[in-house]
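Engineer:
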Amino acid sequence: MDWLTRLAWILNLVVLLVSARDYDFGVDVISLTRRQDPNAPIVVGRLPSASNGSTPLRLEIRNVKADKYRWDLYILALSMFQAVSQDDPLSYYQVAGEQSVPAQAARTFCGQEDDFVSQQELHKLAGAIADMFSNATERSLYKQAASDFRIPYWDWASPAPEGQSHFPDVFWNSTMIQYGPNGVQVIRNPLYSYSFHPLDGDALIWPPLRSWNETKRAPNTEISQVEPPSMNDQVSAALLARLPEIQQRLYILFSSYHEFDSFSNKNYASLQNLSHLDSIEAVHDVIHIYGGSRGHMTYVPLSSFDPLFFLHHAMTDRLISMWQLLNPSAWMTPQISGETTYTALKGTMQNSSTPLTPFMSSADGTFWDSDMSRTTEVFGYAYGDTSYLPGHSESPRNKLIRKINRWLGQNSPAMVRIKSQAQQRRPSGVWKGSAGVKGSQPSLKVDASDVADDHYTEWIANVHVNHGALDGSFSIYLFAGKPPDDVGTWAFAPNLMGSVGIFTMSGMGGHQSKMSGTVPLTMALMRLADLGAIRDIEANSVVAFLQSRLHFRVASIDNKEVDPSLVAGLFIGISSTRVKLPKSESEFPEWGQPMLRSVLWE
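Given below as structure tokens:
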């Protein structure tokens, strides 16, 4: 970049920093948001029902954007929330700090509870803002929107609508034009970043992040080390590239994981020496690593300051709710904590009645526990995917299975095979379908041996490492052949078969505590078979191919190659599983027991 371009960017940044502010409501926001009794305990309660008595739904961010009154209240409430003094226990800063390094008391490491505390505060502020509109008709419309206000989620497991960016453009711009009770104003976009006021560099630990006045995503430090811009286009491209992997992993979790402990967290499987090594937590980690792309979301203790954090965790909460509908009797079993939190040491025995400190359910000091918070309805919100709708003859569970097969199954070999078989009965004999990402899915010919007796073979790379294996998060990439020389291109390499992101930091769980994740390989192998690089996806062909052609590499969050011998506890093994095809879209495939076929590293 030439010096004139750099100078223009710096001058533009100065103008924005001077002019962009939170929305000015024309009232004393401090007095409006201050708690009446600062010494009273902070209680996490149930949000009120909507005006018609129903439980309001959390909506996808784009659906909220399409509703003027919901959207205005969301942006205005978030702007006010972020403006609250950082000393206030219910400020954005301290609610985010429940998970982050500036936490001023011994607090647990948790995300979904922080997400609800944020929702509770935003709901309160949305109601207060709705009352500020002077026009009676307008005020009534905003109060109606406030009555069922719930924070949105971003559906990072679905492709964007036609013509839109994968990472929604509402996150991209540092400023926005916003209407409110005090008129139209140009304000700082509260979804673009959180602006520290003041910045406590000592608390934020990591250079250069500790010197930045606002949260960043994919910070371009080539332009400026002092206050680099967030490159949200890079975030969008990186997450879009991960979409097929995310869909495959979620489909496997929904269709074959039936124990809550193995589904829910990345510590349980390796601790119990299980063969199923993925989890919703491990998939959730992908959004942290690439949503941050060396910005705040990539660092475990800083991630919750990014406004994306709360929409991401609402999405994770939605996926957990879906899994619970599919597995209603599954619940957590007592186990030893695999990592140290702010209120519990590694090795502590925990169960479903262990207090979820510091979140109180009542003013008498009773804390929430997992049994008390097993459903979202307890907190006063739901999701459209799991809610019962009167007038529908199909059960909610069957309806959800059909949805998942259509949504995530488009990147699953099982559903691809069903559609292929249907097409093969026609004269063409080949199904030309889409995997949900334009241009990502070639024609897939189906060899008879691949689907003998209505079964096929699923291939998965299983990864586990020690907690804090490196000083920060990192990714493991698997390639068909040698990877490109430029580490920064690995995530987009044409011969990339898949990747797993490890979201961690030193000191999280001790050197012997492990975390795990997986890389589904079958769709990549099917594409290679279609190109003639491999005969089929059965054991003899695949094992020989993997032994001769499969390469893996480790990359740190700053795109530097890491010697795998430096990654403590690293294990990479390839397993296969025979899978019985479903007979219709209202069924899931049936999974057999995995068999270890090859070890790449241990």
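The sequence shown maps to residues -20 to -1, 1 to 582 in mature numbering (1 follows the signal peptide of the UniProt record, and there is no 0). Cβ coordinates follow ideal geometry from the N, Cα and C atoms, glycine included.
Check this for me: beta carbons of residue 484 and residue 528, under 8 angstroms apart or not?
Structural biologist: Residue numbering aside, residue 484 sits at position 504 when the sequence shown is read from its first letter. Residue numbering aside, residue 528 sits at position 548 when the sequence shown is read from its first letter. No. Outside cutoff.
Engineer: Find out if the Cβ-Cβ distance for the pair residue 64, residue 117 is shorter than 8 angstroms.
Structural biologist: Within the sequence shown, numbered from 1, the residue matching residue 64 stands at position 84. Within the sequence shown, numbered from 1, the residue matching residue 117 stands at position 137. Cβ atoms of residue 64 and residue 117: not closer than 8 angstroms.
Engineer: Report the residue from 236, 581, 567 whose alpha carbon sits nearest the alpha carbon of residue 534.
Structural biologist: Working through the sequence shown from its first residue, we reach residue 534 at position 554. Closest option to residue 534, Cα to Cα, is 581.
Engineer: Who are the near neighbours of residue 108 in its chain, counting only those whose CB is closer than 8 angstroms to its CB and skipping five residues on each side?
Structural biologist: Walking along the sequence shown from the start, residue 108 turns up at place 128. Excluding sequence neighbours, residue 108 sits near 12.
Engineer: Using the C-alpha atoms, what's the distance from residue 373 back to residue 545?
Structural biologist: Position 565 of the sequence shown, counted from the first residue, corresponds to residue 545. Position 393 of the sequence shown, counted from the first residue, corresponds to residue 373. Using only the alpha carbons, I get a separation of about 57 angstroms.
Engineer: For residue 210, list the residues DSSP reports as bridge partners.
Structural biologist: The residue you call residue 210 lines up with position 230 of the sequence shown. Looking at the DSSP assignment, residue 210 forms a beta bridge with 199.
Engineer: Please name the residue or residues paired with residue 497 in a DSSP beta bridge.
Structural biologist: In the sequence shown, counting from the first residue as 1, residue 497 sits at position 517. Paired residues: 443.
Engineer: Hey, how far is the Cα of residue 194 from the Cα of residue 176?
Structural biologist: Position 214 of the sequence shown holds residue 194. Position 196 of the sequence shown holds residue 176. Distance between the alpha carbons of residue 194 and residue 176 is about 6 angstroms.
Engineer: Nearest by alpha-carbon distance to residue 41: which of 35, 55, 395, 34 is it?
Structural biologist: Here the question's residue 41 lines up with position 61 in the sequence shown. The residue with the shortest Cα to Cα distance from residue 41 is 55.
Engineer: Please tell me whether residue 26 and residue 358 are closer than 8 angstroms, where the distance is taken between their beta carbons.
Structural biologist: Locating residue 26 in the sequence shown gives position 46, counting from the first residue. Locating residue 358 in the sequence shown gives position 378, counting from the first residue. Yes.
Engineer: Would you identify the three-state DSSP class for residue 517, choosing helix, strand or coil?
Structural biologist: Taking the sequence shown and counting its residues from 1, the one referred to as residue 517 is at position 537. Residue 517: coil per DSSP, three-state reduction.
Engineer: Less than 8 angstroms between the beta carbons of residue 146 and residue 230, yes or no?
Structural biologist: To locate residue 146, count along the sequence shown from 1; it is residue 166. To locate residue 230, count along the sequence shown from 1; it is residue 250. In this structure, residue 230 does not lie closer than 8 angstroms to residue 146 by Cβ.
Engineer: Measure the Cβ-Cβ separation of residue 273 and residue 197 and say whether it is below 8 angstroms.
Structural biologist: As a first step, residue 273 is located in the sequence shown; it is residue number 293 there, counting from the start. As a first step, residue 197 is located in the sequence shown; it is residue number 217 there, counting from the start. Against a cut-off of 8 angstroms, the Cβ pair of residue 197 and residue 273 comes out as a contact.
Engineer: Who are the Cβ neighbours of residue 69 in its own chain at under 7 angstroms, not counting the five residues just before and after it?
Structural biologist: Position 89 of the sequence shown, counted from the start, is the residue given in the question as residue 69. Cβ within range, chain order: 22.
Engineer: In terms of residue numbering, what span does the alpha helix (DSSP H) encompassing residue 296 cover?
Structural biologist: As a first step, residue 296 must be located in the sequence shown, where it is residue number 316. Where residue 296 is concerned, the enclosing alpha helix (DSSP H) stretches over 288 to 306.
Engineer: Return helix, strand or coil for residue 476, following the three-state DSSP convention.
Structural biologist: Working through the sequence shown from its first residue, we reach residue 476 at position 496. Strand, per DSSP.
Engineer: Tell me whether residue 366 sits in a helix, a strand or coil according to DSSP, three-state version.
Structural biologist: Counted from its first residue, the sequence shown places residue 366 at position 386. Three-state DSSP puts residue 366 in coil, outside helix and strand.
Engineer: At 3 residues or longer, and completely inside the segment 131 to 198: list those beta strand (DSSP E) runs for me, N to C.
Structural biologist: The segment 131 to 198 contains these whole beta strand (DSSP E) runs: 155 to 160, 163 to 168.
Engineer: What residues are listed by DSSP as bridge partners for residue 533?
Structural biologist: Numbered from its first residue, the sequence shown carries residue 533 at position 553. 457.
Engineer: On the DSSP bridge assignment, give the partners of residue 1 in chain order.
Structural biologist: Walking along the sequence shown from the start, residue 1 turns up at place 21. Residue 1 pairs with 167.
Engineer: Based on DSSP bridge pairs, tell me the residues matched to residue 541.
Structural biologist: For the purposes of this step, residue 541 is taken as residue 561 along the sequence shown, with counting starting at 1. In the DSSP output, where bridge partners are listed per residue, residue 541 has 535.
Engineer: Give the straight-line distance between the Cα atoms of residue 344 and residue 470, rounded to the nearest whole angstrom.
Structural biologist: Along the sequence shown, read from residue 1 onward, the residue named residue 344 stands at position 364. Along the sequence shown, read from residue 1 onward, the residue named residue 470 stands at position 490. So the two alpha carbons sit approximately 53 angstroms from each other.
Engineer: Can you name, in chain order, every residue of its own chain whose Cβ lies under 6 angstroms from the Cβ of residue 189, other than the five neighbours on each side?
Structural biologist: For the purposes of this step, residue 189 is taken as the residue at position 209 of the sequence shown. Once the five neighbours on either side are set aside, residue 189 has no close Cβ partner at all.
Engineer: Residue 560 to residue 398, Cα distance in whole Å?
Structural biologist: The residue given as residue 560 occupies position 580 in the sequence shown. The residue given as residue 398 occupies position 418 in the sequence shown. Cα to Cα, the separation comes out at about 11 angstroms.
Engineer: Report the residue ranges of all alpha helix (DSSP H) runs contained in full by the segment 218 to 267; include only those spanning at least 4 residues, in chain order.
Structural biologist: List check, alpha helix (DSSP H) in window: 240 to 244, 248 to 251.
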